[in-house]
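Participant: Residue numbers (numbering that gives the first Met the number 0), protein chains in the order written: chain R, 0 to 522; chain G, 0 to 522.
All C-beta atoms in this analysis are idealised placements derived from N, C-alpha and C, irrespective of residue type, glycine included.
There are 2 protein chains.
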Amino acid sequence: MGSLQSDALDNVAATAGAAYPVSPLDPEEFRRQGHMVIDFLADYYHDVHKYPVRSQVEPGYLRKRLPDTAPNGPEPLEAILGDITHDIIPGITHWMSPSYFAYFPSSGSTAGFLGEMLSTGINVVGFNWMSSPAATELENIVMDWLAKMLKLPSCFHFSGGGGGVLQGTTCEGILCSLVAARDRALDRLGRDQIARLVVYGSDQTHCSIQKAAQIAGIHPDNFRAVPTTRADAFSLNPSALRAAIDKDIARGLVPLFLCATVGTTSSTAIDPLEGLCKVAKDYEHMWVHVDAAYAGAACICPEFRHAIDGVEMADSFSFNAHKWFLTNLDCCCMWVREPGALVRALSTNPEYLRNKGTESKKVVDYKDWQVALSRRFRSMKLWLVLRSYGVANLRNFLRGHVKMAKDFEDHVSADPRFEVVVPRTFAMVCFRLLSPPGLVAEGSTERANELNRRLLEAVNASGRAYVTHAVVGGVYMIRFAVGATLTEVRHVAEAWRVVKEHATDLLASCRSSDSAGPLVDRA
Amino acid sequence: MGSLQSDALDNVAATAGAAYPVSPLDPEEFRRQGHMVIDFLADYYHDVHKYPVRSQVEPGYLRKRLPDTAPNGPEPLEAILGDITHDIIPGITHWMSPSYFAYFPSSGSTAGFLGEMLSTGINVVGFNWMSSPAATELENIVMDWLAKMLKLPSCFHFSGGGGGVLQGTTCEGILCSLVAARDRALDRLGRDQIARLVVYGSDQTHCSIQKAAQIAGIHPDNFRAVPTTRADAFSLNPSALRAAIDKDIARGLVPLFLCATVGTTSSTAIDPLEGLCKVAKDYEHMWVHVDAAYAGAACICPEFRHAIDGVEMADSFSFNAHKWFLTNLDCCCMWVREPGALVRALSTNPEYLRNKGTESKKVVDYKDWQVALSRRFRSMKLWLVLRSYGVANLRNFLRGHVKMAKDFEDHVSADPRFEVVVPRTFAMVCFRLLSPPGLVAEGSTERANELNRRLLEAVNASGRAYVTHAVVGGVYMIRFAVGATLTEVRHVAEAWRVVKEHATDLLASCRSSDSAGPLVDRA
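1) Tell me which residue opens and which closes the beta strand (DSSP E) that M427 (chain R) is part of.
2) Roughly how far, in whole angstroms, is the beta-carbon of C429 (chain G) from the beta-carbon of R496 (chain G), given that I think they are within contact range, below 8 Å?
3) Answer yes or no: does any C-beta atom of chain G fall closer than 8 Å to that of C330 (chain R)?
4) Give the DSSP-derived three-state secondary structure of A212 (chain G) in the structure shown.
5) Within the same chain, show all residues whose beta-carbon is closer than 7 Å to that of V458 (chain R), passing over the 5 residues directly before and after it, in chain order.
6) Taking L341 (chain G) as the reference, which of G:H321, G:F324 and G:S315 has the closest Cα?
7) I want to see whether chain R comes within less than 8 Å of T260 (chain G), judged by CB atoms only; does it?
8) Tell me D290 (chain R)'s beta-bridge partners as DSSP assigns them.
9) Just the Cα atoms here: how many angstroms apart are V225 (chain R) and E456 (chain R)?
10) Classify G107 (chain G) as helix, strand or coil using the three-state DSSP reduction.
11) Is the segment 292-299 of chain G touching the segment 310-325 of chain G, taking contact as three or more C-beta pairs under 8 Å?
12) Applying a beta-carbon distance threshold of less than 9 Å, which residues of chain R neighbour A404 (chain G)?
13) Over what stretch of residues does the beta strand (DSSP E) that includes E418 (chain R) continue unbroken?
14) Mind checking which residues open and close the beta strand (DSSP E) that includes Y479 (chain G)?
15) In three-state DSSP terms, what is F330 (chain G)?
16) Contact criterion: CB-CB distance below 8 Å. Does T424 (chain G) meet it with respect to chain R?
17) Which one of G:K210, G:L383 and G:H400 has the shortest CA to CA distance from Q32 (chain R)?
18) Just verifying my parser: in three-state terms, what is the DSSP assignment at A494 (chain R)?
19) Less than 8 Å between the beta carbons of G356 (chain G) and P51 (chain R), yes or no?
20) Identify the contact partners of G473 (chain G) in chain R, using a Cβ-Cβ distance below 8 Å as the criterion.
21) Measure the C-alpha to C-alpha separation of N448 (chain G) and F417 (chain G) and round it to an integer number of angstroms.
22) State the beta-bridge partners of P422 (chain R) as determined by DSSP.
23) Identify the continuous alpha helix (DSSP H) that holds F222 (chain R) and give its terminal residues.
24) Please classify G262 (chain R): is it buried, with 16 or more other beta-carbons within 10 angstroms of its beta-carbon, or exposed?
25) Is there a C-beta anywhere in chain G that falls below 8 Å from the one on G161 (chain R)?
26) I want to verify the contact list: residues of chain R whose CB lies under 7 Å from the CB of W144 (chain G), in sequence order.
27) Tell me whether H468 (chain R) sits in a helix, a strand or coil according to DSSP, three-state version.
28) Suppose contacts are defined by Cβ-Cβ distances below 8 Å. Is V370 (chain R) in contact with T135 (chain R) by that definition?
29) Taking a contact to mean a Cβ-Cβ separation below 8 Å, would you say N392 (chain G) touches E115 (chain G) in this structure?
30) Looking at the strands, I want to know which residues DSSP matches up with Y99 (chain G).
31) Under 8 Å between beta-carbons, which chain G residues line up against W128 (chain R)? List them in chain order, please.
32) Measure the C-alpha to C-alpha separation of F425 (chain G) and F126 (chain G) and round it to an integer number of angstroms.
33) Check each residue of the segment 266-290 of chain R: if its Cβ is closer than 9 Å to any Cβ of chain G, include it; give the result in chain order.
34) Report, in whole angstroms, the separation of the C-beta atoms of W94 (chain R) and V124 (chain G), which I expect to be a contact under 8 Å.
35) Is it buried or exposed for T168 (chain G), if we count other Cβ within 10 angstroms and need 16 for buried?
36) Can you tell me whether S153 (chain R) is buried or exposed? The criterion is at least 16 other CB atoms within 10 Å of its CB, across all chains shown.
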C-alpha cells in the first residue's frame with residue numbers, strides 16, 4: 000500500500016492539470032469490477048458457515064494492520080479484496096452466518112441485495128417528488144402493498160388519508176412520530192410548555208424511545224418506563240399505564256406519547272394494543288406509536304396477525320424490513336394516520352427546492368416525513384423482495400423460522416438441566432441453564448445468572464454459534480433468535496449440541512471446584 | 000404480474016408447510032442474479048446520456064402502470080429488470096447523467112458502488128464495537144485518514160481526543176451536534192431553560208439547521224437567520240452575528256449554537272470561519288458547527304484548503320462524501336472535538352447490549368454518536384474510494400470539475416446577453432439572462448426573474464441538461480453545478496449550447512409578443 004507521505008507532489012499535480020487517468024465510472028471497468036465483487040460475495044455466502052460467528056479479535060486489532068494515511072496513488076481492486084479477506088473478515092461478526100442467533104436477525108437476501116445495488120447504482124437523491132418521481136411513487140405503491148399484506152386499516156393507506164414511508168431505522172421513525180406529536184400538543188398548549196410533556200413506554204420498551212425523547216427535548220424526568228411483571232409475560236398492563244398517566248396529570252403534567260411494542264427485544268413480549276389504545280383515547284390528545292420492529296414481519300401471516308389487533312386505534316406503526324423480512328439493512332417501514340402532523344413538524348421549503356410538482360399538491364415530498372433532507376431509493380429493495388419471493392413464500396419463510404425455534408424450544412424443554420424462561424411467541428427462545436441442586440444455593444439468582452453468563456461466553460467463544468442475552472425480572476437468560484437467511488434445521492440442531500456440550504463442561508468444572516467461590520466472579 | 004387476490008391459499012400453505020422453494024441466499028443463484036444486475040447497471044451508465052435528464056412524467060404516472068397488490072408467487076428477475084426499464088427509468092431524474100448540473104451533484108463511482116455492495120452483502124449491524132469490530136475500527140481509521148487529507152487540526156483526530164463518525168446526512172450530523180450542545184448547556188442552566196436557547200445561521204444557511212433546531216425542541220422563535228448582503232458575497236458577517244447575539248442576550252436569551260457554512264447551497268458562499276469563531280468564543284459556551292456539505296471535498300486540495308481556515312476553533316465539522324467525493328449516497332463525514340458531549344446526549348445502555356468490549360472502555364460504540372441504534376458499514380465505501388483512486392487522483396478529479404465550471408463561466412461572461420451573478424468559488428456557476436433593453440423595464444426585478452424562470456424550465460423540459468435555481472438578494476439565478484462523475488468537457492459545452500439556444504428562442508418569442516404581459520405570468 001502506498002501512503003500519503005507528504006504534499007510534495009501536490010503542486011506538480013495541480014500545475015500539470017493531469018487528466019484523471021480512468022473515468023471513475025467507466026461502464027466497462029464498472030462491469031469488470033462489479034463481477035469480481037459479486038463473485039467475492041457469492042464465495043463469502045458459500046463459506047460463511049466456516050468462520051467463527053462472533054469475531055474473536057481484540058480492541059485495536061485493525062490499526063496494527065492498516066497504514067496511517069490514505070494512499071496517494073490508486074490501488075487495484077484485487078489488492079483491496081485481498082485485504083478484506085485477511086484484515087476485515089476476522090473482525091466481522093457474521094450476521095449472515097447460518098449459526099447466527101444473536102440480537103435479532105439481519106436477514107439479507109439476494110433480492111434485498113440486488114434492490115440495494117439498483118438503488119445505489121441509479122443513485123438518485125429522492126428528497127422530493129421532483130428530484131426523481133419514480134422513487135417517491137414506488138414508495139407510495141409498495142407501502143400500500145405492504146399495508147394490505149399486514150391488513151392495516153385503511154386509515155394508514157394513502158387512499159384512506161394516511162400513508163407509509165421508509166425510514167432508515169425504527170429510532171428515526173419514532174423520533175419523527177414523537178416530534179409530530181410534540182408539536183401538535185405544543186400548538187395547543189403553547190410552545191413554552193414542552194417541559195410538561197410526558198412519554199410512556201414499559202421497562203421492556205426499546206431504548207430508542209427514550210433516546211428519541213431525549214433528542215426531541217422532552218424533559219429527562221418525563222420518560223416513564225412503566226414496570227412490567229412476569230404475570231403479564233412482561234407486557235405493558237393497561238391499568239398500570241392508566242395509573243402512571245393519572246399520577247402525572249395530578250402533578251400538572253401532560254401525557255403526550257405512548258410507545259407500545261409488539262415483540263419486545265428482551266423476550267418478544269406483546270403489549271396489548273387494544274387495551275392500551277383505549278386508555279390512551281381517554282386522554283384524547285395522546286399519540287400511540289406501535290413498534291413492531293421485529294415481529295411486524297410475522298403479521299403478514301394470518302396466524303400471527305392477531306398480535307397487532309388494535310392497531311386501528313394507533314397513530315403510527317412501524318416494523319423493520321431489515322430485521323426479519325429479507326431486506327438488507329436499512330429499511331424501516333412506518334405508516335401514519337395523519338401525515339399532515341409529520342409534515343407540519345418536519346417540513347422546510349427553501350426557495351431552491353421550489354418546483355411544479357410540490358406546487359401541484361398532487362405529490363408526496365418525503366423529505367417532510369423524515370429527519371434528513373437526502374434520502375436513498377429504499378423502496379427499490381422492498382419492491383424486489385416482494386416480487387422476487389411473493390407473499391406466499393415470504394409467509395413460508397417466516398413460518399420456517401418459527402418452526403425451527405419451536406424445535407429448539409422442544410430440545411430445551413426435554414432437557415431437565417434447562418428451562419424456557421418466558422413463553423415463545425415468534426422465532427425466539429429465551430432459556431437458561433438451571434442451577435443444579437447442591438451446586439448453587441437455591442434462590443441465589445445472582446449465582447444462577449453467573450452460570451448462564453459463563454455458558455453464553457463459552458458458546459460464543461467457540462465460534463460455532465452466536466447468542467446474546469437479556470435480563471427480565473432479574474433473571475439472566477440466553478436469547479436464541481432464529482432468522483438468519485441461511486439458517487437451516489441442521490444449524491439449529493448443531494447450535495443445540497454446542498449449548499449442551501458447553502453446559503456439560505461448565506457443570507463439570509463447577510462441580511470439580513469450590514461450589515460457591517468461582518460462580519460469583521463475573522467473567 | 001400475479002397479484003394477491005385473496006387469502007384463500009393462506010391456510011393451504013400454512014398447513015402444507017411447504018418448504019421454501021429456493022433459498023433466498025443460495026450462493027449460486029446470488030451469483031447468477033448479481034451478474035445480471037451488474038450488466039444492467041453497466042448498460043445504464045453506458046446509455047444514461049441518452050435519457051432526458053429531468054424526468055418528464057406527470058404526478059401519479061406509476062400507479063397507472065403497477066398492480067394494486069404484491070404478487071402472491073415469485074417473479075423472475077428478468078421480468079423485474081424489464082419493468083425497471085419500462086416503468087421506473089422514465090420516472091428517474093438521472094443524477095448520474097453527464098448532463099446533470101442541478102442542486103449539488105450525487106457523485107457515485109465504481110469504487111463507491113462496490114463499497115456499498117460489500118457493506119450491503121456482508122450486512123452487519125454495527126451499532127457497537129462488539130457487533131462487528133471491523134466496522135467500527137475501519138471507520139476510526141478512515142476518518143483519521145480523511146482528517147489528515149483535510150489537514151484538520153489534531154483535536155478532531157482520535158489521537159487528539161476528538162474523532163470522526165459517518166452519519167447518513169448532514170441533517171443527522173447537525174442534529175447530533177445540536178443535541179450535544181443543547182444538553183451541555185442545559186446541564187449548566189437547568190433542564191427547564193430550553194426555551195432560552197438560541198441557534199444562529201445566516202439567511203443562506205441550509206434549511207437542515209432550522210429543521211434540526213425544530214426537532215431538538217429549540218423554541219421556533221429562537222432560530223436566527225442573520226441577513227447577508229451582496230457586499231459580503233452572501234457570507235455571514237461576524238459583526239452582524241455579534242449584533243444578533245447581543246440583542247438576544249439583552250432579552251435574557253442564551254446563545255447556544257452557530258452553524259457556519261463553507262459553500263452555501265444557493266451560491267457556494269464561504270462564511271469566514273475565523274471571524275465567526277472568534278465572536279462565538281466571546282460567548283464561551285457556544286458550539287460552532289462548520290457545515291461544508293458540498294465544498295468540504297475540495298479542501299483536500301491545497302489551493303482550496305483556505306476555505307476552512309479557522310476550523311481549528313470550531314466544535315464540529317462535516318462534509319458529504321456523497322456529494323462531490325465519488326461516494327454513493329449516503330455518507331456524511333463528521334468530526335467532533337469532544338465526543339463525550341455526543342455520548343452524554345445520545346447514549347443508551349440497555350442490558351441486552353452489555354458486552355466486554357464496551358466495558359473495556361477501549362472501543363468506540365458509534366450508536367452513541369448518532370440518532371439511530373442500527374448502522375450500516377459505511378466506512379467500507381469510503382475506504383474503497385480512497386484506495387481505488389488515491390489522494391492525487393481525487394484531487395485531480397475535483398480540479399477537473401472546477402476547470403469545467405470555469406470554462407462555463409467564461410462562456411457566460413463572453414456572451415453579453417448573460418451575467419455571472421455571484422463570483423464562482425468552486426465548481427458552480429450562478430448566472431442569469433439579462434433583461435434586454437426595451438423588452439423588460441429596467442429595475443423590474445420580477446420580470447427579469449420571470450425571464451430566467453422560463454429559461455430554466457425550457458432547458459429542463461428539453462431533457463438535454465438539468466439545472467436548478469436559487470434566489471439571492473431578490474435575484475433569481477440559474478445554478479450550474481458541475482460534479483456528476485460522467486461529466487466531461489463536451490457535456491459542459493453542450494449544456495451551454497442548450498442554454499444559448501433556449502435563450503435565443505425565448506428572447507425572440509418575448510419580442511414577438513406583448514413585451515409586458517406574458518412575462519408577469521408564472522409558468
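Facilitator: Taking the structure as given:
1) Residues M427 to L432.
2) So it is not a contact: roughly 20 Å between Cβ atoms.
3) No, C330 (chain R) lies away from the interface with chain G (no Cβ there is under 8 Å from its Cβ).
4) A212 (chain G): helix per DSSP, three-state reduction.
5) Short of 7 Å from the beta carbon of V458 (chain R), and not among the five residues preceding or following it, lie these beta carbons of its own chain, in chain order: A464, V466, V497, V498 and H501.
6) From the listed residues G:H321, G:F324 and G:S315, the smallest Cα separation to L341 (chain G) is found for G:S315.
7) Judged by the 8 Å Cβ criterion, T260 (chain G) is not in contact with chain R.
8) Bridge pairing for D290 (chain R): R:T260 and R:S317 [DSSP].
9) Roughly 31 Å between the two C-alpha positions.
10) In the structure shown, G107 (chain G) sits in coil (DSSP, three-state: anything other than H, G, I, E or B).
11) Short answer: they touch.
12) Neighbourhood of A404 (chain G) in chain R, by CB distance below 9 Å: empty, with the nearest CB roughly 14 Å away.
13) For E418 (chain R), the enclosing beta strand (DSSP E) starts and ends at F417 to V419.
14) Rather than Tyr, the amino acid found at residue 479 (chain G) in this sequence is Phe. Residues V474 to A480.
15) In the sequence on display, residue 330 (chain G) carries Cys and not Phe. Reduced to three states, the DSSP call for C330 (chain G) is coil.
16) Under the Cβ distance rule, T424 (chain G) does not count among the residues neighbouring chain R, no pair being separated by less than 8 Å.
17) Closest option to Q32 (chain R), judged by alpha-carbon separation, among G:K210, G:L383 and G:H400: G:L383.
18) DSSP places A494 (chain R) within a helical segment (H, G or I) once states are collapsed to three.
19) 8 Å or more divides the Cβ of G356 (chain G) from the Cβ of P51 (chain R).
20) The contacting residues do not exist; G473 (chain G) stays about 11 Å from chain R at best.
21) Rounded to whole angstroms, N448 (chain G) to F417 (chain G) spans 13 Å at the Cα level.
22) None, per the DSSP bridge assignment.
23) Run containing F222 (chain R): none in the alpha helix (DSSP H); it sits in the beta strand (DSSP E), F222 to V225.
24) Counting of Cβ neighbours within 10 angstroms places G262 (chain R) among the buried residues, the total reaching 16 or more.
25) No, its Cβ sits nowhere closer than 8 Å to a Cβ of chain G.
26) Around W144 (chain G), the beta-carbon contacts reaching into chain R at under 7 Å are T68 and A69.
27) In the structure shown, H468 (chain R) sits in a strand (DSSP, three-state: E or B).
28) At the C-beta level, V370 (chain R) and T135 (chain R) stay beyond 8 Å of one another.
29) For N392 (chain G) and E115 (chain G), no; Cβs fall outside 8 Å.
30) BP columns for Y99 (chain G) point to G:Y465.
31) Under the 8 Å cutoff, chain G gives P58.
32) Rounded to whole angstroms, the gap between the alpha carbons of F425 (chain G) and F126 (chain G) is 36 Å.
33) Cβ contacts with chain G: none found.
34) Rounded to the nearest angstrom, the Cβ distance from W94 (chain R) to V124 (chain G) is 6 Å, consistent with a contact under 8 Å.
35) Answer is buried; the Cβ neighbour count reaches 16.
36) Looking at its Cβ environment, which holds fewer than 16 other Cβ atoms inside 10 Å, S153 (chain R) is exposed.
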